[in-house]
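Asks:
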Amino acid sequence: MRLPCLSLLLLAAPLMSQGPASAPLSAPATPGRMTLQLPTDNDALFRNDGPGFYMFVDRNFEKEQSTPWEGGQFGFVRGPVRFGPQVVQMAFHEGIDIAPVKRDAAGEPIDKIYSISHGEVVHVSDAPGASNYGRYIVIRHDWGQGPFYSLYAHLSSCLVTVGAKVEPGSAIAVMGHTGAGIDRRRSHVHVELNMFLSSRFEDWHSKNFRPSPNHHGVYNGLNLSGMNIAGLYLEHRKNPALTVADFVKSSPEGFKIVTPRKGELELVKMYPWLGEGLAQSSPSWEFTLNESGLPMRVKPSSVTVNRPTVTWVRDVGLPHAYHCRGYVSGSGNTGALTASGARLMELITGDFVAPPPLPEKPAVKKKK
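Residues -23 to -1, 1 to 345 in mature numbering (1 follows the signal peptide of the UniProt record, and there is no 0) are what the sequence shown lists, from first letter to last.
#1: Under 6 Å Cβ to Cβ from D223, same chain only, skipping five residues before and after it: list those, please.
#2: Is it right to say E169 is buried, meaning 16 or more other beta carbons lie within 10 angstroms of its own, or is it exposed?
#3: Which residue or residues does DSSP assign as beta-bridge partners of N200?
#4: Kindly indicate which three-state DSSP category L(-13) falls into: helix, strand or coil?
#5: Once the 5 residues before and after D74 are set aside, which same chain residues still bring their CB inside 7 Å of it?
#6: Whole angstroms are fine: how far does the CA of T311 sit from the CA of S(-7)?
#7: Is the separation between the beta-carbon of D18 and that of V98 shorter than 9 Å?
#8: Would D285 and P260 qualify as a contact pair, given that the criterion is a beta-carbon distance under 9 Å?
#9: Only counting the same chain, and skipping five residues up and downstream in sequence, which positions put a Cβ closer than 7 Å to that of G254?
#10: Residues bridged to R74 by DSSP?
#11: Would you be able to state if there are at least three C-beta pairs under 8 Å between the segment 318 to 334 and the segment 83 to 102?
#12: I'd like to confirm the pairing. Which residues does DSSP put opposite R112 in its beta bridges?
#13: Provide the residue span of the beta strand (DSSP E) that contains I149, from first to last.
#14: Buried or exposed, going by whether 16 or more other CB atoms sit within 10 Å of the CB of P124?
#15: So what does DSSP say about V245, is it helix, strand or coil?
#16: Taking the straight line between their C-alpha atoms, what separation do you get for F264 and P332?
#17: I'd like the span of the beta strand (DSSP E) that includes H193, first residue to last.
#18: Starting from G158 and walking both ways along the beta strand (DSSP E), at which residues does that stretch end?
#19: Is the beta carbon of V305 sitting closer than 9 Å to the one on V235?
#20: Excluding sequence positions up to five away, which residues of its chain have a Cβ less than 6 Å from the Cβ of Y299?
#21: Skipping 5 residues on each side, what residues in its chain have a beta carbon closer than 8 Å to that of A207?
#22: For I234, which residues does DSSP report across the bridge?
#23: Would you kindly work out how many angstroms separate the C-alpha atoms of V195 and W46, rounded to a whole number?
#24: For the alpha helix (DSSP H) that contains V98, what are its first and last residues?
#25: Along the chain, where does the alpha helix (DSSP H) containing K215 start, and where does it finish?
#26: Quick check on the DSSP output: the alpha helix (DSSP H) that includes G327 runs from which residue to which?
#27: Is it buried or exposed for N25, if we count other Cβ within 10 angstroms and need 16 for buried?
#28: Roughly how far, in whole angstroms, is the beta-carbon of Y210 from the beta-carbon of L13, given that I think they are within contact range, below 8 Å?
#29: Answer with buried or exposed for S258, where buried requires no fewer than 16 other C-beta atoms within 10 angstroms of its C-beta.
#30: To the nearest angstrom, how far is the alpha carbon of I159 from that of K226?
#31: So, is K338 buried or exposed, given that buried needs 16 or more other C-beta atoms within 10 angstroms?
#32: With the cut-off set at 9 Å, would you say G252 and R274 are in Cβ contact?
#33: Measure the alpha-carbon distance for A130 versus H193 and round it to whole angstroms.
#34: Apart from the five residues just before and just after R80, which ones in its own chain have a Cβ nearer than 6 Å to its Cβ?
#35: Are L335 and R177 closer than 9 Å when you measure CB to CB?
#36: Helix, strand or coil, according to DSSP, for L314 in the structure here?
Written out as structure tokens, the structure is:
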């Protein structure tokens, strides 16, 4: 998950998280078929009951206050702005916010949070102030198509530790309201399903955001690119043979970026199904991403560029800043990468130079 602000996982706080600083290029060696379970006892999603499933958001727009449940969905569901006669939601929400079904006498949620599938716990952040996620857990899943990572946030307490093996339905946490901007009234669990972008994330973070600290290693939300997990649940329920790769590749295309071809891509090593015709010699790579920046496919390109360049963007009748998560500017059939978009492509391609390490602080001599 990445809430649409860079402060998401960069807030300074005492480090009380668990997890390795780097991740393998592939998932464990025993892949299995994808099985999915809802992460709480709230099954209203499967009864087409949006208000019962999603936690509402507090909205104050044009002097009107409201609590739309739609703001708990995945996608561009927040941050309303007026564009001519339209009201456009331009803030992206990278997960789903699931409402509680059980509260104690004080109104605190007591819902157990479950692993959505078999996997291994790779990160436990038990420091509520270390990110806007509050307390959160990341689990790696291997369904035979590369590593995928589920994330569970705003937890009251964590019931697992790094390295724990989990099954679908394993209790991992208790729902809460930790994290920025959430009170007891809006208690929920924020759930994501993500692709992993780069094992060089910490160098990238230092290059772009130093001296802001990174408390979460490679499991910082900026290094995890989310898909529409509610859509996956519904499609998988209709077709249990559906693979996560097929689901990702069926997403509507958002924009295409051509980048200089410089060796192999870690992203394609992790997710081979992204690649098309990779053996073909070419000066560049063409990346297709959906509107949220989730990679969908990579193939050789005959176009020569010296930096990442937008070659196509879907025209939805709005400025691209409203529907491409701030990665692309412009409108109509033309677009250009923003600074945020350029940083994203650096992370995805690994085409950046790591900054030098910070000099060691001189030791402070104690007075005798």
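Ideal placement from N, C-alpha and C gives every residue a C-beta, glycine not left out.
Replies: On the basis of the coordinates in this document:
#1: The answer is none, since no qualifying residue turns up.
#2: With 16 or more Cβ atoms within 10 Å of its Cβ, E169 is classed as buried.
#3: Beta-bridge annotation (DSSP): N200 is not paired with any residue.
#4: Because the pLDDT at L(-13) is just 33, under 50, the model does not fix this residue reliably, and the point stays unresolved.
#5: The answer, listed in chain order, is Y31, M32, G49, H165, H167.
#6: Confidence at S(-7) is low in this model, with a pLDDT of 43, below 50, so its placement is unreliable and no value can be given for it.
#7: Contact flag unset, no.
#8: The sequence given here has Pro at residue 285, not Asp. It is not a contact, given that the beta carbons lie outside the stated cut-off.
#9: Taken in chain order, the residues that qualify are K276, P277.
#10: The question names Arg, but residue 74 is Asp in the sequence shown. DSSP output for D74 lists H167 as bridge partner(s).
#11: Three or more beta-carbon pairs separated by less than 8 Å are not found between the segment 83 to 102 and the segment 318 to 334, which leaves the two stretches without contact.
#12: For R112, DSSP records a beta bridge to L132.
#13: Counting along the chain, the unbroken beta strand (DSSP E) around I149 starts and ends at 148 to 152.
#14: So P124 counts as buried.
#15: In the structure shown, V245 sits in a helix (DSSP, three-state: H, G or I).
#16: Whole-angstrom Cα-Cα distance: 26 Å.
#17: That residue, H193, is in no beta strand (DSSP E); it is neither H nor E in DSSP.
#18: Per DSSP, G158 is not a residue of any beta strand (DSSP E), being assigned neither H nor E.
#19: The answer is no: Cβ separation not under 9 Å.
#20: Listed in chain order, the non-local C-beta contacts of Y299 below 6 Å within the same chain comprise V65, M67, local neighbours out to five positions each way being set aside.
#21: These residues qualify, in order along the chain: L22, Q50, F51, I73.
#22: For I234, which the question treats as bridged, DSSP gives the partners F264, V287.
#23: Going by the C-alpha atoms only, they are around 32 Å apart.
#24: It is not in any alpha helix (DSSP H) - V98 instead sits in the beta strand (DSSP E) that spans 96 to 102.
#25: 206 to 215 is the span of the alpha helix (DSSP H), which, as asked, contains K215.
#26: Taken as a continuous stretch (DSSP letters only), G327 belongs to no alpha helix (DSSP H), as it is neither H nor E.
#27: The residue is exposed, with fewer than 16 neighbouring Cβ atoms inside 10 Å.
#28: Yes, Y210 and L13 are in contact; Cβ-Cβ is about 6 Å, under 8 Å.
#29: S258 is classed as exposed because its beta carbon has fewer than 16 other beta carbons within 10 Å across all chains shown.
#30: Rounded to the nearest angstrom, the two C-alpha atoms are 34 Å apart.
#31: For K338, the number of other beta carbons within 10 angstroms of its own is below 16, and it is reported as exposed.
#32: Contact: yes.
#33: When rounded, the distance between both Cα atoms is 14 Å.
#34: Answer for R80: P86, listed in chain order.
#35: It is not a contact, given that the beta carbons lie outside the stated cut-off.
#36: DSSP places L314 in strand when its eight states are reduced to three.
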